[in-house]
Amino acid sequence: MKRKLRSFVVYFAVLACAALVSAHSAAAQDWFQTGTGLGVSKAKLAVPDTVARSTFGPPLPKVFHDVLWSDLEYSGIVDLISPSFYPLETVGQPSDLKAADWSAAPANAYMVAYGSLSQDANGMAFAGYLSDVHSPNAPVALQKIYRGQPNEQDARRMAHQFADDIIALLSGGQPGIAQTQIAYVSGRSGNKEIWVMDYDGANQHQITHLNTISLTPRWSPDATRIAFTCYVPYRGVTSAQICIYSTASNRLISFPRFRGTNSSPAWSPDGQQLAFMSSINGDPAIYVANADGTHLHRVTFGAGVATSPVWNPKTGKQMVFVSDRAGDPALYLSDADGSNAQKIDLPDMGYVIDPSWSPNGQLLAFSWRRPSGNYDIYAMDIVSHQLVELTKDEARNERPSWAPDGRHLVFESTRTGTRQIWTMLADGSQPRELTFQGQSESPSWSQR
Amino acid sequence: MSTIAATRPGQTLKPFVVWSVGLHLAVLAYCVFAGWWAYTHRGENWGGPGGSVSVGIVGSVPAIPLPLPEVVSPNRVVDNSKGLFKSEPQAPPKPPPDAVPIPKFEKNKPPKIISPKSKVLENPTPPPPNAVPYGGGGAPSIPVTSFAMGAGNTQAGLAFNGVGGGDFGSRFSWYVTAVQQRVSSNWLQSSIDPSVAYAPRVVVSFTILRNGTITNVQLTQRSNVYAVDNSAVRAVNASSPLQPLPPGYSGSYVNVEFYFDFHR
Numbered sequence: 000m001k002r003k004l005r006s007f008v009v010y011f012a013v014l015a016c017a018a019l020v021s022a023h024s025a026a027a028q029d030w031f032q033t034g035t036g037l038g039v040s041k042a043k044l045a046v047p048d049t050v051a052r053s054t055f056g057p058p059l060p061k062v063f064h065d066v067l068w069s070d071l072e073y074s075g076i077v078d079l080i081s082p083s084f085y086p087l088e089t090v091g092q093p094s095d096l097k098a099a100d101w102s103a104a105p106a107n108a109y110m111v112a113y114g115s116l117s118q119d120a121n122g123m124a125f126a127g128y129l130s131d132v133h134s135p136n137a138p139v140a141l142q143k144i145y146r147g148q149p150n151e152q153d154a155r156r157m158a159h160q161f162a163d164d165i166i167a168l169l170s171g172g173q174p175g176i177a178q179t180q181i182a183y184v185s186g187r188s189g190n191k192e193i194w195v196m197d198y199d200g201a202n203q204h205q206i207t208h209l210n211t212i213s214l215t216p217r218w219s220p221d222a223t224r225i226a227f228t229c230y231v232p233y234r235g236v237t238s239a240q241i242c243i244y245s246t247a248s249n250r251l252i253s254f255p256r257f258r259g260t261n262s263s264p265a266w267s268p269d270g271q272q273l274a275f276m277s278s279i280n281g282d283p284a285i286y287v288a289n290a291d292g293t294h295l296h297r298v299t300f301g302a303g304v305a306t307s308p309v310w311n312p313k314t315g316k317q318m319v320f321v322s323d324r325a326g327d328p329a330l331y332l333s334d335a336d337g338s339n340a341q342k343i344d345l346p347d348m349g350y351v352i353d354p355s356w357s358p359n360g361q362l363l364a365f366s367w368r369r370p371s372g373n374y375d376i377y378a379m380d381i382v383s384h385q386l387v388e389l390t391k392d393e394a395r396n397e398r399p400s401w402a403p404d405g406r407h408l409v410f411e412s413t414r415t416g417t418r419q420i421w422t423m424l425a426d427g428s429q430p431r432e433l434t435f436q437g438q439s440e441s442p443s444w445s446q447r
Numbered sequence: 000m001s002t003i004a005a006t007r008p009g010q011t012l013k014p015f016v017v018w019s020v021g022l023h024l025a026v027l028a029y030c031v032f033a034g035w036w037a038y039t040h041r042g043e044n045w046g047g048p049g050g051s052v053s054v055g056i057v058g059s060v061p062a063i064p065l066p067l068p069e070v071v072s073p074n075r076v077v078d079n080s081k082g083l084f085k086s087e088p089q090a091p092p093k094p095p096p097d098a099v100p101i102p103k104f105e106k107n108k109p110p111k112i113i114s115p116k117s118k119v120l121e122n123p124t125p126p127p128p129n130a131v132p133y134g135g136g137g138a139p140s141i142p143v144t145s146f147a148m149g150a151g152n153t154q155a156g157l158a159f160n161g162v163g164g165g166d167f168g169s170r171f172s173w174y175v176t177a178v179q180q181r182v183s184s185n186w187l188q189s190s191i192d193p194s195v196a197y198a199p200r201v202v203v204s205f206t207i208l209r210n211g212t213i214t215n216v217q218l219t220q221r222s223n224v225y226a227v228d229n230s231a232v233r234a235v236n237a238s239s240p241l242q243p244l245p246p247g248y249s250g251s252y253v254n255v256e257f258y259f260d261f262h263r
């Protein structure tokens, strides 16, 4: 009897195992095939007007929709369909969406991003959806509720969040940049101070009030600190020094003063170290110190001036800096400890300055004044040493800085007559002016 | 009446002439010295320590993670068939109204060659309305192996319904597109030897786990060009982790076959 029971139990266990395995293998049947080699088509996206479920005093639904549209248009990875092709229907939730109307001509949409904005006692809420109208049986790709207070600032923030979520979905997990910020130098308050704005130029505000000169801001990799060159007098002596501003506590963090001129700081990818130019021992050379100023050591020893260091943000094991040791300022590629310095020989003469290393470590952007023209932005593939001119015949374009997605660049340009901050896609298309007042320069894009 | 005096009385040109001659001599001496200096010190500061790398200018760099423009490939199928019917001949251009005909030279008129009419080409039945004109046949001129997402009626993501592929491709075609875009942007074609212009298709298969992690990367079809095979596997590995699998999908992982067509 006992033996029979045992065999019964064993039999059942085997059955259960078989059932589990078959269920597992049924789920594992799913596979798909895709590939590359002929270029990638951008997703065609329709973004109908945001539906207002409550009455708003200020036109917040319009602000929301405009910001969302601008973010998606500038992402570089989707094609937005012009609203004049849209079906005449308001879409605020998935049940309103008639997929056939949107996927058919003239809209020919592949996906639709829509949602509704409502207001209650707790504040404002946006219910956002992203639907694949191309595959009728597909579930909603994204549905999420974003909350905030009923003001323009929160409407912009919620639109940025929704845009980032859409971009992350459609680019395979690479986050968008709609919530990043740009630090820059502006003299519009009388002195050159550090200012910060959103990536689209909104919300410009001054963060330093040193009433001297502040230059070359650089965001730390975690976007909590900005290192910059400051001219703060100390015991009657004014010299260029490194200052660090914390955006978390809104004040300067202490960083030691060094002898001589100290300028153009750069963060290591882990945020633990700073490289900068210092003439502490006479010759202006690159020095590296911990973020609190300790353990200062020299890394370049060549003749002439070495300045404007940048680390390889992917590995942290290489560095590019500017040096005039061979005549005109040129770029040098070296290991992070300064060894193996190699000049990057460009196929023409002229000044080469302002290096900026792309977040994936593959491209180097810089400004180059060739004998035939003005300063222009170039991008160079580090591996193959191929070079692309990104700006051309548009006055001076200098000091590029990469966005964290590697698809955008911010730079300063004098193409409108005054020096202002501009952004563009990393292939040189879609240039956008972000600042319009006074003179603005030396932008740095936060890495998150 | 004399001309206007260049100098005032009591002032001579002499000091100015002396200064001028002196300055010219100094400039000349500087030029000679600078030339000699540049000649004797030539090449001393050149290049700095450690040598240099040289750089060439090109039209575009593939490493920028932006979607590349779509390229329509030429047809692979060479169409040698004659097609179903002849396309209509173009009307000859009309001569201008004021043209004067050139008199023909009549003397050595070539003999008239009479050739029988081809019976093959004379087709009594009218062509059907959907007939393909001569020379326009063959495979449709759409990008081979690519799929269009824009046109309303094509199926994105190549879903293999009923072939044991499940319906992931049709339900979550946006996810397929996202995977395609991410892996493509991580494919560093610049790392492939410039002498390689074309490689046969490489197929890499891998598994995407629930959280988007890529595992089980395998080369299922080699191109036998080592650099291309390697770059394909690297592109897949560099894309991990992808976006987590769609919340509407119940399975715990998805298998992917990803092909790479390399040509410059």
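Chains as they are written, first to last, in numbering that gives the first Met the number 0: chain A, 0 to 447; chain B, 0 to 263.
Note that CB positions come from ideal geometry on N, CA and C, so glycine has one too.
Residue 18 of chain B is outside the set of residues whose beta carbon lies under 8 Å from a beta carbon in chain A. Restricting attention to A/355, A/361, A/369 and A/356, the CA atom closest to the CA of residue 349 of chain A is found in A/369. Between residue 96 of chain A and residue 130 of chain A, the C-beta spacing is below 8 Å. What residue 225 of chain B touches in chain A, judged by beta-carbon distance under 9 Å, is nothing: the nearest beta carbon there is about 17 Å away. Contact between the region 383 to 401 of chain A and the region 160 to 180 of chain A is absent: fewer than three C-beta pairs spanning the two stretches fall below 8 Å. The beta carbon of residue 186 of chain B falls within 8 Å of a beta carbon belonging to chain A, placing the residue at that interface.
Going by DSSP, residue 157 of chain A is part of the alpha helix (DSSP H) stretching over 151 to 169. Where residue 273 of chain A is concerned, the enclosing beta strand (DSSP E) starts and stops at 272 to 277. By the Cβ neighbour-count rule, residue 33 of chain B is exposed, with fewer than 16 other Cβ atoms within 10 Å of its own. Beta-bridge partners of residue 261 of chain B (DSSP): B/198. Put simply, the region 66 to 75 of chain A touches the region 144 to 163 of chain A. At least three CB pairs are less than 8 Å apart.
Residue contact check for residue 44 of chain A against chain B: no CB pair falls below 8 Å. Each residue's CA atom was taken as its position, placing residue 333 of chain A and residue 324 of chain A some 14 Å apart. From the beta-carbon of residue 33 of chain A, the residues of chain B found nearer than 9 Å are 146, 156, 157, 168, 175, 176, 178, 179, 182, 255, 256, 257 and 258. Straight-line measurement puts the Cα of residue 178 of chain B at about 50 Å from the Cα of residue 211 of chain A. Within chain B, the residues whose beta carbon sits less than 8 Å from that of residue 424 of chain A are 65, listed in sequence order. The shortest CA-to-CA distance from residue 353 of chain A to any of A/396, A/142, A/145 and A/173 is the one to A/396. Annotation: the region 82 to 162 of chain A contains the following complete segments of the alpha helix (DSSP H) (minimum length 4 residues), in chain order: 98 to 102. The beta carbon of residue 224 of chain B sits closer than 7 Å to those of 195 and 198, all from its chain and outside the five residues before and after it, given in chain order. Within the DSSP bridge table, the entry for residue 376 of chain A names A/366 as partners. Neighbours of residue 34 of chain B across chain A, judged by C-beta separation under 7 Å, do not exist; the nearest C-beta is about 18 Å away. A straight-line Cα-Cα distance of about 21 Å links residue 303 of chain A and residue 228 of chain A. Membership of residue 34 of chain A in the beta strand (DSSP E) is indicated by the continuous run 30 to 35. For residue 359 of chain A, the number of other beta carbons within 10 angstroms of its own is at least 16, and it is reported as buried.
Going by DSSP, residue 72 of chain A is part of the alpha helix (DSSP H) stretching over 59 to 73. Measuring C-alpha to C-alpha distances from residue 240 of chain B to each of B/229, B/251 and B/182 identifies B/182 as the nearest. In this structure, DSSP gives residue 300 of chain A a state outside helix and strand, which the three-state scheme calls coil. Between residue 173 of chain A and chain B, the shortest Cβ-Cβ separation is below 8 Å.
Cβ-Cβ distances below 6 Å link residue 312 of chain A to 268, 356 and 358 in the same chain, with the five nearest sequence neighbours on each side left out; the list follows chain order.
In the three-state reduction of the DSSP assignment, residue 191 of chain A falls in the strand class.
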